[in-house]
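Numbers given in the numbering used here equal positions in the sequence shown, counted from 1, plus 13.
C-beta atoms are modelled at their ideal positions from N, C-alpha and C, and glycine is treated no differently.
Input: a single structure, listed below in structure tokens.
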Amino acid sequence: MRKVFPIICLLIFGLGCNKDSIQSKPILKVNSISSSKIYAGEDLEIRLQLTDQEGDFLDTIWVKKSTTSCTRSNFVDSNLFRIPSDLPRTKNFSGELILTMNYSIVLQPRCFASDTTTFSFWVKDAKGNKSDTVKTSQIIISR
Numbered sequence: 014m015r016k017v018f019p020i021i022c023l024l025i026f027g028l029g030c031n032k033d034s035i036q037s038k039p040i041l042k043v044n045s046i047s048s049s050k051i052y053a054g055e056d057l058e059i060r061l062q063l064t065d066q067e068g069d070f071l072d073t074i075w076v077k078k079s080t081t082s083c084t085r086s087n088f089v090d091s092n093l094f095r096i097p098s099d100l101p102r103t104k105n106f107s108g109e110l111i112l113t114m115n116y117s118i119v120l121q122p123r124c125f126a127s128d129t130t131t132f133s134f135w136v137k138d139a140k141g142n143k144s145d146t147v148k149t150s151q152i153i154i155s156r
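Rendered as structure tokens:
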């Protein structure tokens, strides 16, 4: 018993001194999309909710466009949208991001017919933690 007690004390002390290794990642959620059908010349507005416990999210929003019938319209891009650098990066940050997609630049189908598309989004923080990927419902884009 004399030998067991010091070992138990050392174990408790050692476990109590470990740093918290849990890292949180940013959280994205799709709040709304302006329309499920976009006609030529119209813009699409997507509202995302961004939450980050540490407030150390980066300025890049990754976007992936996935289409069902025209794979030439598909892309993944990290240069389309930026979170403003002057936005305060505070602990327990929560805010809405409004992304406006222009028909002629982002939305227009690269084939000769209308297209059904979904958009996926994700962000990263300064520690390299990636948010879960959020996806819109299907959006029909007319030619």
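Going by the CB atoms, is the gap between SER91 and THR73 shorter than 7 Å?
-> Against a cut-off of 7 Å, the Cβ pair of SER91 and THR73 comes out as a contact.
Could you give the DSSP three-state label for VAL136: helix, strand or coil?
-> For VAL136, the three-state secondary structure derived from DSSP is coil.
Pick from ILE59, THR80, LYS140 that is closest to GLU67, judged by C-alpha positions | Checking every option, the nearest Cα to that of GLU67 belongs to LYS140.
Distance between LYS137 and GLN62 (C-alpha atoms, nearest Å) = Near 14 Å, if we compare the C-alpha coordinates of LYS137 and GLN62.
How is LEU71 classed by DSSP in three states: helix, strand or coil?
-> LEU71: coil per DSSP, three-state reduction.
Given VAL76 as reference, the closest of SER82, PHE70, ASN87, ASP69 once Cα atoms are compared | Ranking the options by Cα distance to VAL76, first place goes to ASN87.
Alpha-carbon spacing of ASN142 relative to ILE46, whole angstroms | C-alpha separation (whole angstroms): 26 Å.
How many Å lie between ALA126 and MET114 at the Cα?
-> Each residue's Cα considered, the two are about 19 Å apart.
For VAL89, count neighbouring Cβ atoms within 10 angstroms of its own Cβ and tell me buried if that reaches 16, exposed if not.
-> The residue is exposed, with fewer than 16 neighbouring Cβ atoms inside 10 Å.
Could you tell me which residues DSSP pairs with GLY141 in its beta bridges?
-> Answer is none; GLY141 lacks a bridge partner.
What's the gap between the Cα of PHE94 and the Cα of SER155?
-> Cα to Cα, PHE94 sits roughly 23 Å from SER155.
GLY108 lies in the beta strand (DSSP E); which residues open and close that run?
-> First-last of the beta strand (DSSP E) with GLY108: 106-114.
Where ASP65 and THR130 are concerned, what is the direct C-alpha to C-alpha distance, given to the nearest angstrom?
-> Spanning the two alpha carbons is a distance of roughly 28 Å.
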